[in-house]
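Peer 1: A single structure is presented below for examination.
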Amino acid sequence: MGEPHHSSQLSQPLMATPLQHYKGQCVHGYNTTQARAKNPDSGLHTMGEPHQSSQLSQPLIATPLQHHKGRCVHGYNTTQAHAKKRLMKYVHEKKKDKHDLTSYQSKIPNNEDVVIKTNAYGFLPFPWFRRVFIVDYYGATPNDARDDTKAFAKAWHDACSTGGVLVVPPGSTYHLKQIVFSGPCLPNTSFRVYGTIKAWPKMSAYEKDRLLWIKFLNVANLSVDGGGTINGNGRKWWETSCKINPTLAVQFLGCDNLSVTNLRFKNAQQMHVRFQRCHNVTASNLIVKSPEHSPNTDGIHVTDTKNIVIMNSAIGTGDDCISIVSGSKDVLVTNVKCGPGHGISIGSLGVGHSKAEVSDVLVNRAFIIGTSNGVRIKTWQRSAVQVSNIIYQNIVGTSASEEAIKFDCSKTVPCKGIYLQNVNLTPQEKHRGTIATCKNVEYANRGMLFPPLAKALTACESKVAENMIDLIIMTFRR
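For the sequence shown, the tail end lands on 477 under numbering that gives the first Met the number 0, and the numbers increase by one without skipping.
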């Protein structure tokens with residue numbers, strides 16, 4: 000890149016011309032030979048238009064502008080005829096039909112801000128301000144049974160190192176084995192799934208790390224979106240012991256300022272989406288789905304993560320719709336549809352008498368459909384677990400089991416500051432009634448509460464003072 004191209008039609012090599020800003024693009028002023036450039040009377044043609052030289056049978060064409068050693072440069076200069084020859088060679092090598100040349104452009108939806116330019120290898124995308132890396136260009140083969148892991152890794156390397164966009168094209172399915180998308184990356188790196196990513200079906204491919212399928216590691220300012228599907232292909236895992244094969248679908252570990260939006264997750268091996276040691280997270284407009292009897296398939300799992308918003312999503316799995324565990328703080332769950340599954344859970348916490356803490360959680364506007372537990376807090380007895388400032392507001396729906404609300408806290412360290420307002424969980428038709436159980440909890444409620452905790456009031460040591468309710472709410476307003 001940056002070296003002149005020698006043409007048999009030219010007595011002098013083509014020279015790179017100054018790059019200038021023109022109508023929002025970085026363009027070169029004109030193309031010419033060295034001899035012509037030395038002649039001050041030769042004149043300049045209009046910037047951005049091809050220059051017709053008496054030495055050329057074809058007009059010169061603009062080539063893609065690329066970033067190279069801190070400068071915006073064009074890759075090479077050539078004639079249209081030469082470019083077409085090189086393009087046909089590329090098509091032959093890739094065994095693509097000539098009518099498929101423009102299909103590259105179709106791999107990027109209309110809302111992607113991309114400019115298609117011509118270079119030596121055909122039509123490749125160059126955005127106005129960001130580079131786009133389509134996995135097909137790195138050897139991924141859509142809609143077949145081949146392993147696309149290496150192609151995704153190469154595309155990620157380029158996207159991460161430039162702050163660009165990795166694109167999984169629409170209408171295509173790709174198979175991945177275990178892969179880690181590692182940072183740090185340049186700011187605003189994006190992972191855009193328009194098509195489908197599906198887990199490699201052979202379990203022997205996961206023996207190196209049985210927890211791993213897809214992991215994003217230490218990537219700050221990352222956005223993952225696109226409207227596509229991530230399919231864990233988990234039926235073989237469900238048929239075996241999850242303790243032996245505890246593979247997680249998609250993990251975000253140490254990712255700050257993270258956005259995961261507008262995606263479908265389905266049929267995870269176990270947990271569909273896991274956020275661990277992340278800070279400032281938005282998870283929105285997600286659909287998470289697996290069969291009701293698929294074991295341990297939590298929808299969204301939050302651990303040791305602070306300042307996370309989960310909103311405008313529908314989750315139905317074989318385990319917790321949302322599970323919040325140790326080290327998590329400032330968690331907002333709002334406008335969520337949950338079911339089937341085990342409801343919205345805090346815990347389990349304090350296994351093996353360990354220390355754990357969850358605080359400042361607000362669950363607001365949740366619609367529960369036939370879950371085995373509507374809302375639940377679970378800590379192990381004799382553990383040093385602190386659960387505090389938990390608010391449940393505007394929660395309605397049905398329970399598939401008798402126990403619609405369950406607060407089971409440690410006697411050693413009771414749960415404190417549990418507040419319920421306008422909670423109404425009725426039984427499904429096949430059940431006669433619902434109950435709420437409570438152990439070692441300091442709580443208060445306002446408005447509707449069904450089933451009432453009063454039936455199990457003797458199991459709770461005390462209640463939150465009425466004047467503490469507003470103080471708890473103010474915690475989230477800050």
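All C-beta atoms, glycine included, are put in the ideal place defined by N, C-alpha and C.
Just so it is clear, the structure is predicted and the values come from calculations on it, not from any experiment.
According to DSSP, is R234 part of a helix, a strand, or is it coil?
Peer 2: Note: R234 maps to helix in three-state DSSP.
Peer 1: Between Y137 and F151, what straight-line distance do the alpha-carbon atoms span, to the nearest angstrom?
Peer 2: Going from the Cα of Y137 to the Cα of F151 covers about 7 Å.
Peer 1: Classify T239: buried if its beta carbon has 16 or more other beta carbons within 10 angstroms, exposed otherwise.
Peer 2: Result: exposed.
Peer 1: Using CA coordinates, which residue listed in K405, S409 and C414 is at the minimum distance from P450?
Peer 2: The residue with the shortest Cα to Cα distance from P450 is K405.
Peer 1: So is V350 buried or exposed if we call it buried at 16+ other beta carbons inside 10 Å?
Peer 2: Result: exposed.
Peer 1: What residue range does the alpha helix (DSSP H) around C159 cover?
Peer 2: It spans T148 to T161 - the alpha helix (DSSP H) in which C159 sits, taken as one unbroken run.
Peer 1: Compute the Euclidean distance between the alpha carbons of E356 and V440, then round it to the nearest angstrom.
Peer 2: Cα-Cα distance, rounded: 15 Å.
Peer 1: Give the DSSP bridge partners of A144, in chain order.
Peer 2: Paired residue(s): none; A144 is not in a bridge.
Peer 1: Taking K207 as part of the beta strand (DSSP E), name the residues at either end of that continuous run.
Peer 2: Where K207 is concerned, there is no enclosing beta strand (DSSP E), given that its DSSP letter is neither H nor E.
Peer 1: On a Cα-Cα basis, can you pick out the residue from D208, A158, G446 and F180 that is closest to L247?
Peer 2: That would be D208, whose Cα lies nearest to the Cα of L247.
Peer 1: Alpha carbon to alpha carbon, how far is P290 from V218? Give it in angstroms, no decimals.
Peer 2: Going by the C-alpha atoms only, they are around 31 Å apart.
Peer 1: Residues in its own chain within less than 6 Å of V287 by CB, not counting five upstream and five downstream?
Peer 2: Counting only Cβ-Cβ distances below 6 Å, and skipping sequence neighbours, we find F264, H271, G298 and I314.
Peer 1: Give me the DSSP bridge partner(s) of P426.
Peer 2: P426 pairs with S398.
Peer 1: Can you tell me the Cα-Cα spacing of V131 and L348, whole angstroms?
Peer 2: Their Cα atoms are separated by approximately 43 Å.
Peer 1: Give me the DSSP bridge partner(s) of E356.
Peer 2: Q385, per the DSSP bridge assignment.
Peer 1: Going straight from the alpha carbon of K328 to that of G253, what length do you get?
Peer 2: Approximately 15 Å, taken between the alpha carbons.
Peer 1: Using a threshold of 8 Å, state whether the C-beta atoms of N393 and N421 are closer than that.
Peer 2: Yes, the pair counts as a contact, with Cβ atoms nearer than the cut-off.
Peer 1: Pull up the distance between the alpha-carbon of I390 and that of S344, whole angstroms please.
Peer 2: Cα to Cα, I390 sits roughly 13 Å from S344.
Peer 1: Could you give the DSSP three-state label for P63: helix, strand or coil?
Peer 2: With a pLDDT of 43 at P63, under the threshold of 50, the modelled position of that residue is not reliable, and the figure given next carries that caveat. In this structure, P63 counts as coil in the three-state DSSP scheme.
Peer 1: Straight-line CA distance for L185 to T161?
Peer 2: Distance between the alpha carbons of L185 and T161: 6 Å.
Peer 1: What's the call for N142, buried or exposed, on a 16-neighbour Cβ count within 10 Å?
Peer 2: It is exposed - the Cβ of N142 has fewer than 16 other Cβ atoms within 10 Å.
Peer 1: Beta-carbon separation of A204 and Q268 under 8 Å?
Peer 2: The answer is no: Cβ separation not under 8 Å.
Peer 1: Let me confirm a value: K214 is counted as buried when at least 16 other C-beta atoms fall within 10 Å, else exposed. Which label applies?
Peer 2: With 16 or more other Cβ atoms within 10 Å, it is buried.
Peer 1: So, are the CB atoms of R234 and F251 less than 8 Å apart?
Peer 2: No, these two residues do not count as a Cβ contact at 8 Å.
Peer 1: Buried or exposed: S409, going by 16 or more other Cβ atoms within 10 Å of its Cβ?
Peer 2: Label assigned to S409: buried.
Peer 1: Going by alpha carbons, who is nearest to A435 out of V412, E401 and G369?
Peer 2: For A435, the nearest C-alpha among the options comes from E401.
Peer 1: Please work out which residues of its chain come closer than 6 Å, Cβ to Cβ, to N363, disregarding the five sequence neighbours upstream and downstream, and give them in chain order.
Peer 2: T333, Q392 and N393.
Peer 1: Can you give the Cα-Cα distance for P413 and Q385, rounded to whole angstroms?
Peer 2: Computed Cα separation, rounded: 7 Å.
Peer 1: Go ahead and pull the three-state DSSP assignment for L216.
Peer 2: DSSP places L216 in strand when its eight states are reduced to three.
Peer 1: List the DSSP bridge partners of S409.
Peer 2: According to DSSP, S409 bridges with nothing at all.
Peer 1: Starting from N311, trace the beta strand (DSSP E) both ways and give me its first and last residue.
Peer 2: K305 to G315 is the extent of the beta strand (DSSP E) around N311.
Peer 1: Identify the residues that DSSP records as bridge partners of I376: which are they?
Peer 2: I376 pairs with I345 and F406.
Peer 1: When we look at the beta-carbon of K438 and count the other beta-carbons within 10 Å, is it buried (16 or more) or exposed?
Peer 2: Buried, by the Cβ-count rule.
Peer 1: On the three-state DSSP scale, how would you describe M452?
Peer 2: In the sequence as displayed, the identity of residue 452 is Leu instead of Met. Correct three-state label for L452: helix.
Peer 1: Secondary structure at Y193, three-state DSSP: helix, strand or coil?
Peer 2: Note: Y193 maps to coil in three-state DSSP.
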